[in-house]
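So the mapping is simple: this note's numbering equals the position in the sequence shown, first residue as 1, plus 58. Note that the Cβ used here is the ideal one computed from N, Cα and C, for glycine as well. Have a look at the structure below, then the notes.
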Amino acid sequence: MIKVLIVDDHALFAEGMKAMFKPEDGIELISHTTNGYEVVSLLEALPVNVILMDIDMPLIDGIATMELIRAKGITTPILMLTMHQSMKQIKKALEKGAQGYILKDANKPELVEAITTVSQMKNYFHPKINEQIFDYLRGKRTSKMNSSELSEREIEIIRCVAEGKNSKEISTQLCLSEFTVKTHRRNIMHKLHAKTSGELIHLASEKGII
């Protein structure tokens with residue numbers, strides 16, 4: 059029997075979930091909390107196999123709750139159950155350690171499959187967001203290819219920009235003309251599809267350049 063903890067601020071929704079599952083489904087919802095701060099203590103007291111986590115909660119949201127859980131070294135798999143379909147939210151959830159992501163309009167067979175899959179430490183994504191996930195992963199691969207096109211000199215300049223240096227300071231440090239530095243910076247922005255220095259630093263950090 060897969061034992062599930064629900065973390066969701068909608069009590070009626072949680073009660074409906076509890077009523078949905080039968081013994082033959084192999085899933086038991088053993089506890090529910092509306093407060094993400096209580097999750098760690100519940101996990102320490104109960105034999106939980108899967109955490110079913112909402113994103114939007116009033117005291118602390120699901121993403122921050124995951125951070126608390128992982129900071130304690132707890133590896134219980136987390137399945138996000140939410141209405142959010144934006145890649146921004148999905149990406150955040152995955153980066154913070156979610157094992158799966160399913161939407162609240164999922165039917166019972168999808169929920170059973172999702173919980174069962176995640177309990178085995180495998181990833182599960184709702185069919186409605188599969189294409190977004192694949193696009194995201196394809197984008198990550200493309201980003202890696204783009205970053206590999208940077209020269210050693212361009213990487214040096216990016217690191218200088220990240221340190222807050224302007225073109226004149228970079229030219230002095232690298233013994234280049236200021237015109238050459240500015241040319242390199244234009245090329246870097248083009249290669250990484252960045253529009254501002256802040257965006258450049260963010261992208262460089264994501265790609266592991268800095």
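Between Ser229 and Val239, the C-beta gap is smaller than 8 Å, which places the two residues in contact. Per DSSP, reduced to three states, the secondary structure at Thr91 is strand. Leaving aside the five residues that flank Glu227 on each side, the residues in its chain whose CB is nearer than 8 Å to its CB run, in chain order, Cys218.
The C-beta separation of Val106 from Lys61 comes to about 6 Å, placing the pair in contact by the 8 Å criterion.
Proximity of the stretch 88 to 102 to the stretch 59 to 77 meets the contact definition, three or more beta-carbon pairs being nearer than 8 Å. The DSSP assignment places 120 to 129 as complete runs of the alpha helix (DSSP H) inside the stretch 104 to 135, in order along the chain (cut-off: 4 residues).
The beta-carbon separation of Met138 and Gly120, rounded to 6 Å, stays under the 8 Å limit for a contact. Secondary structure note for Leu161: its beta strand (DSSP E) is the uninterrupted segment Gly158 to Leu161.
Of the residues Tyr159, Pro116 and Leu117, the one whose Cα lies closest to the Cα of Ile109 is Tyr159. In the three-state reduction of the DSSP assignment, Lys154 falls in the coil class.
Here the alpha carbons of Leu152 and Thr174 stand approximately 18 Å from one another. Per DSSP, the beta bridge partners of Met138 are Met111 and Tyr159. Distance check between Pro116 and each of Tyr95, Phe183 and Glu257 places Tyr95 closest, using alpha-carbon atoms only. According to DSSP, Lys61 shares a beta bridge with Glu86.
For the pair Leu104 and Ser89, the CB atoms are nearer than the 8 Å cut-off.
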